[in-house]
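Below is one structure, written out as C-alpha cells, with a few remarks after it.
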Amino acid sequence: MTVKFDINTLQQDSLWARSVLFLRSYPILPVVIVLTLVVCGIFAPLVAPNHPLEGELENRQLPPVWLEGGSSQYLLGTDHIGRGILTRIIFGARISLTISVVVLIGGVALGTIAGLVAGYIGGILDEIVMRLVDFTFAMPFIVVALVASVVWGQSMTLMIILLVLFTWAPFARQVRAETLLLKSSDYVSLARVAGASGPRIAFRHILPGLVNTVMVLSSLQVGNLILTESVLSFLGIGLPPPAPTWGTMVSEGRQYVSTAWWLCFFPGFAIMLVVFSMNFFGDWLRDKLDPRLRQL
Amino acid sequence: MILVMVLLTMIVFGLSHATGDPRYMYMSEYSTGSTSAEMWEAQGKRLGLDKPLYIQYGLWLGRSLKGDFGTSLTYNKNSIDVISEGLTGTLQLTSVSFVFAILLGVPLGVLSAVKRATFWDYLGRSFALIGQSAPPFWIAIVCIFVFAVYLGWLPTSRRGDWTHYVLPVITLGWMPASALLRLVRSSTLEVLDSEFVKLAKAKGVSNTTVIWKHAFRNSLIAPLTFTMVLLAGFLTGTVVTETVFAWPGLGRMAVRAALNMDFPLITALAMVFGLMFLFTSFIADVIYGLVDPRIRYDR
C-alpha cells in the first residue's frame, strides 16, 4: 500500500485551510460592510447616483433593476415619489453615521468620566452616580422619547441628547467596577506612594487601564444605537420627514408593501446588515480584548 | 428602588410642565384681547399655578397617586380609564410573546451549546444573530409581505382569533428569544466545562441526565437576571409591534398620544410604563435571590 504524496495538493490544501482560518479568525465581512458604510456616508454626494430629496414623478415606484420594468438609473428602484432608493440609503448612511459617532463620543465620555469619578472618589458621589445609572436602566426609554418629542419637537439635537442619555449608563457601570478593581492594585498604590495627585492617578494611571473595556463596550453598543435610532425614526419621532433616515424610509414604504415591496425591504436590510456587522465585530473584539465581559 | 420611583415622578412632572403654561390651553390666543390680567390670575389661582413649584409637585403627586392624571384630550375621558382599556391588549400580547421567547430561546440555547459547532449550533446562532440585528419593524413588514400579502395565510392587523397572534408574537418575541438563546448557550457551555459536570460524566451518568439535571439547572441563573433587560426589550417592542399591526394596546396608544399632543395621556402612560418596569425588575431581583442562594441582599 502506497500513500500518494503530492506536494502541490498539499500546498493548495494548506493555502485553502489557511484562508479559511483567516476568514474565521478575523471579521472580514463585517469590517468590509462597515467600511462601505463609512465611505458611503462621507462621500454620499459623490457615490449616490441620484438626488436624495428630489424625485421624478414619472419614475415613481420603479422596481429594482433586475426585475421587469427596472431602470439602470435606479439600481434598487424608486419610492412613491420617484426618489432613488439606493441614493436615499446612501444618504441615510450619512445620518446614521453622524448620529452614531456623535452619540458614541458623548455617551462614552459622559459614562467613562461618571464611572471613573464614582469609582475613584466613592462616597456620596458614587451613590448619586449609581442611583442615576439605576434610574436610566429603569426608564422606559421609548416612552420618554415620545414625551420629549412632543415637548420639544423633533430634531437632530434632541435625538442625539436622548440617545446619549440612553448610552452612558452601561459605560458608567462597567467603568466604575473596573476602577474599583484598579484602584486597589499595587501599581496605583505605588503611584500614590510616589506622591502622584488624585486626578493624576485617575487620568494617567487608571484611565489607560480602562481603554479595552470601553472599546469593547462601545463596539457592542453601536449596533444597539443604530437599531434604536431607526426605531425612533420609524415611529415618526426621529428626524423630521424629508431626511432620508433608514427608519423613516421603511415607515414611508409601509403602506405600499403590497405593490412595491422594495420600498421598505432595502432600507431595513441595510439596517440589519450594519447592525449585524457591528455586533459581530463587537463580539470578536470582546473575545480578543476582554473575554471577561462575556455576560454583557 | 423608592428613590428611583421618586425620580421618575419628578421627571414626569417636570416634563408635564415643560410644555408651557397650561392656561394657554383654556384661554386661546384669540381671546387674549378679551381676557384681562385679572382673569388670567384667577385662572392661575384656580389651577394652583400661583403656588411654588414644590407645592404644585406635591399636589400633582397626590392626585396621581389617586389615579387622576387629568383628562385625555383625544378620548375626553380620564387618562387612567383610557389606559386600563388598552392594558389588556398589551398584556395579552406580551405574555404570549414572553412564553414564545422562553419556549424558543431556552431549548435552542441548550441545543446549540450541547451540539456545539454542528449544524444545529449554526442554525441556532444565525437565528439569534438575525433576531438581534434586524429591526423589529422590518421583521414585521417582511412577515406581513410574505405571509399575509404573498401567501395570504394570516391576517395583517387587529385582534381576533389565534391567527392574529402569530405575526405580532414573532415580531415581538424574536429579539428576546435570540438574546435568551445566546445567554443560555454561553452559560450552558460554561457549566458543561465545569468540574462537577465532568465528575458526573466520569461516574457514568447518562448524557441526558447530565445535560438536564446537572448542567441545565445551573446554567439558568444568568438568563434569569437577564429578565429585566428582556422586559425592557419588550416595552420597546410593544410600541413598535402594536403600531405596525394596529394592535389595540398601550404602545400604539403612546405613539398616537405623542403624535396628537395628548399631554395628560402621555404623562400617565410614561408613569404606568415606568412603574411596570420597576415592578418587573423588582420581581427579577427577588427571583434571582431565590434561585441562587449565594446572592444575599444584606450588605
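First to last, the protein sequences are chains A and B. If you're matching positions, the first sequence starts at 16 in our numbering and goes up one per residue. If you're matching positions, the second sequence starts at 123 in our numbering and goes up one per residue. Cβ coordinates follow ideal geometry from the N, Cα and C atoms, glycine included.
For residue i, count the other beta carbons within 10 Å of its own beta carbon; 16 or more makes it buried, fewer makes it exposed. Which is it?
{"i": "residue 404 of chain B", "result": "exposed"}
{"i": "residue 172 of chain A", "result": "exposed"}
{"i": "residue 215 of chain A", "result": "exposed"}
{"i": "residue 151 of chain B", "result": "Confidence is the limiting factor: at residue 151 of chain B the pLDDT is only 47, short of 50, which leaves the residue's position unreliable, though a coordinate-based value still follows. Exposed, since its Cβ has fewer than 16 Cβ neighbours within 10 Å."}
{"i": "residue 234 of chain A", "result": "buried"}
{"i": "residue 304 of chain B", "result": "buried"}
{"i": "residue 33 of chain A", "result": "exposed"}
{"i": "residue 329 of chain B", "result": "exposed"}
{"i": "residue 384 of chain B", "result": "buried"}
{"i": "residue 192 of chain A", "result": "exposed"}
{"i": "residue 421 of chain B", "result": "Confidence at residue 421 of chain B is low in this model, with a pLDDT of 40, below 50, so its placement is unreliable and no value can be given for it."}
{"i": "residue 409 of chain B", "result": "exposed"}
{"i": "residue 275 of chain A", "result": "buried"}
{"i": "residue 283 of chain B", "result": "exposed"}
{"i": "residue 154 of chain A", "result": "buried"}
{"i": "residue 248 of chain B", "result": "exposed"}
{"i": "residue 413 of chain B", "result": "exposed"}
{"i": "residue 124 of chain A", "result": "exposed"}
{"i": "residue 199 of chain A", "result": "exposed"}
{"i": "residue 236 of chain A", "result": "buried"}
{"i": "residue 268 of chain A", "result": "buried"}
Counting only Cβ pairs nearer than 9 Å, list the residues of chain A close to residue i.
{"i": "residue 132 of chain B", "result": "Under the 9 Å cutoff, chain A gives no residues; its nearest Cβ is about 10 Å from residue 132 of chain B."}
{"i": "residue 400 of chain B", "result": "153"}
{"i": "residue 385 of chain B", "result": "162, 165 and 166"}
{"i": "residue 389 of chain B", "result": "162"}
Could you list which residues in chain B have their beta carbon closer than 9 Å to that of residue i, in chain order?
{"i": "residue 45 of chain A", "result": "The contacting residues do not exist; residue 45 of chain A stays about 11 Å from chain B at best."}
Taking Cβ positions, are residue i and residue j nearer each other than 8 Å?
{"i": "residue 235 of chain B", "j": "residue 311 of chain B", "result": "yes"}
{"i": "residue 400 of chain B", "j": "residue 205 of chain B", "result": "no"}
{"i": "residue 103 of chain A", "j": "residue 264 of chain A", "result": "yes"}
{"i": "residue 130 of chain A", "j": "residue 186 of chain A", "result": "yes"}
{"i": "residue 215 of chain B", "j": "residue 396 of chain B", "result": "no"}
{"i": "residue 377 of chain B", "j": "residue 90 of chain A", "result": "no"}
{"i": "residue 135 of chain A", "j": "residue 228 of chain A", "result": "no"}
{"i": "residue 387 of chain B", "j": "residue 201 of chain B", "result": "yes"}
{"i": "residue 108 of chain A", "j": "residue 52 of chain A", "result": "yes"}
{"i": "residue 366 of chain B", "j": "residue 263 of chain B", "result": "yes"}
{"i": "residue 197 of chain A", "j": "residue 221 of chain A", "result": "yes"}
{"i": "residue 299 of chain B", "j": "residue 246 of chain B", "result": "no"}
Mind listing the chain B neighbours of residue i? Cutoff is C-beta to C-beta under 8 Å, in chain order.
{"i": "residue 279 of chain A", "result": "260 and 263"}
{"i": "residue 287 of chain A", "result": "252, 255, 256, 257 and 260"}
{"i": "residue 141 of chain A", "result": "Here the premise fails: no neighbours, minimum Cβ distance about 14 Å."}
Once the 5 residues before and after residue i are set aside, which same chain residues still bring their CB inside 7 Å of it?
{"i": "residue 237 of chain B", "result": "243"}
{"i": "residue 106 of chain A", "result": "59, 63, 67 and 259"}
{"i": "residue 359 of chain B", "result": "258, 294 and 297"}
{"i": "residue 230 of chain A", "result": "300 and 304"}
{"i": "residue 318 of chain B", "result": "336"}
{"i": "residue 253 of chain A", "result": "169, 174, 244, 247, 260, 262 and 263"}
{"i": "residue 288 of chain A", "result": "48"}
{"i": "residue 313 of chain B", "result": "319, 337, 340 and 341"}
Who are the near neighbours of residue i in its chain, counting only those whose CB is closer than 8 Å to its CB and skipping five residues on each side?
{"i": "residue 25 of chain A", "result": "Low confidence applies to residue 25 of chain A: its pLDDT is 49, below 50, so where it sits in the model is not reliable, and the reading given next is rough at best. No residues qualify anywhere along the chain."}
{"i": "residue 249 of chain A", "result": "262, 263, 265 and 266"}
{"i": "residue 152 of chain A", "result": "184"}
Under 7 Å between beta-carbons, which chain A residues line up against residue i? List them in chain order, please.
{"i": "residue 376 of chain B", "result": "158 and 161"}
{"i": "residue 403 of chain B", "result": "153"}
{"i": "residue 365 of chain B", "result": "250"}
{"i": "residue 356 of chain B", "result": "Under the 7 Å cutoff, chain A gives no residues; its nearest Cβ is about 11 Å from residue 356 of chain B."}
Which residues in the same chain as residue i place their Cβ atom closer than 6 Å to its Cβ, once the five residues preceding and following it in sequence are excluded?
{"i": "residue 110 of chain A", "result": "260"}
{"i": "residue 277 of chain A", "result": "79 and 92"}
{"i": "residue 179 of chain B", "result": "135"}
{"i": "residue 179 of chain A", "result": "118, 121 and 122"}
{"i": "residue 231 of chain B", "result": "303, 306 and 307"}
{"i": "residue 114 of chain A", "result": "244"}
{"i": "residue 357 of chain B", "result": "none"}
{"i": "residue 311 of chain A", "result": "Note on residue 311 of chain A: pLDDT 46, under 50, position unreliable in the model; the coordinate value appears next. Nothing listed; no residue qualifies."}
{"i": "residue 132 of chain B", "result": "none"}
{"i": "residue 101 of chain A", "result": "90 and 91"}
{"i": "residue 141 of chain A", "result": "133"}
Answer yes or no: the CB of residue i versus the heavy atoms of the ligand NAP, is any distance below 7 Å?
{"i": "residue 50 of chain A", "result": "No copy of the ligand NAP occurs in the structure displayed, which carries no ligand at all."}
Using a Cβ cut-off of 7 Å, pull out every chain B residue sitting near residue i, in sequence order please.
{"i": "residue 242 of chain A", "result": "257"}
{"i": "residue 273 of chain A", "result": "271"}
So which residues on chain A does residue i lean against when the C-beta distance must stay under 8 Å?
{"i": "residue 321 of chain B", "result": "Those do not exist, as residue 321 of chain B stays about 24 Å from chain A at its closest Cβ, beyond 8 Å."}
{"i": "residue 509 of chain B", "result": "With chain B covering only 123 through 421, there is no way to say anything about residue 509 of chain B."}
Just to confirm the assignment: which complete alpha helix (DSSP H) runs, minimum length 4, are found wholly within the stretch 286 to 315 of chain B? Here no run is fully enclosed.
In chain order, what are the residue ranges of uninterrupted alpha helix (DSSP H) at least 4 long that sit wholly in the stretch 243 to 282 of chain B? With a minimum length of 4 residues, the continuous alpha helix (DSSP H) runs that stay inside the stretch 243 to 282 of chain B are 258 to 265.
At which residue ranges does the stretch 93 to 180 of chain A contain complete alpha helix (DSSP H) runs of 4 or more residues, listed in the order of the chain? 100 to 136, 138 to 153 and 156 to 167, all fully within the stretch 93 to 180 of chain A.
Quick check for students: name the residue ranges of the alpha helix (DSSP H) that lie wholly in the stretch 327 to 401 of chain B, counting only runs of 4 or more. You should have 343 to 347, 349 to 367 and 372 to 381.
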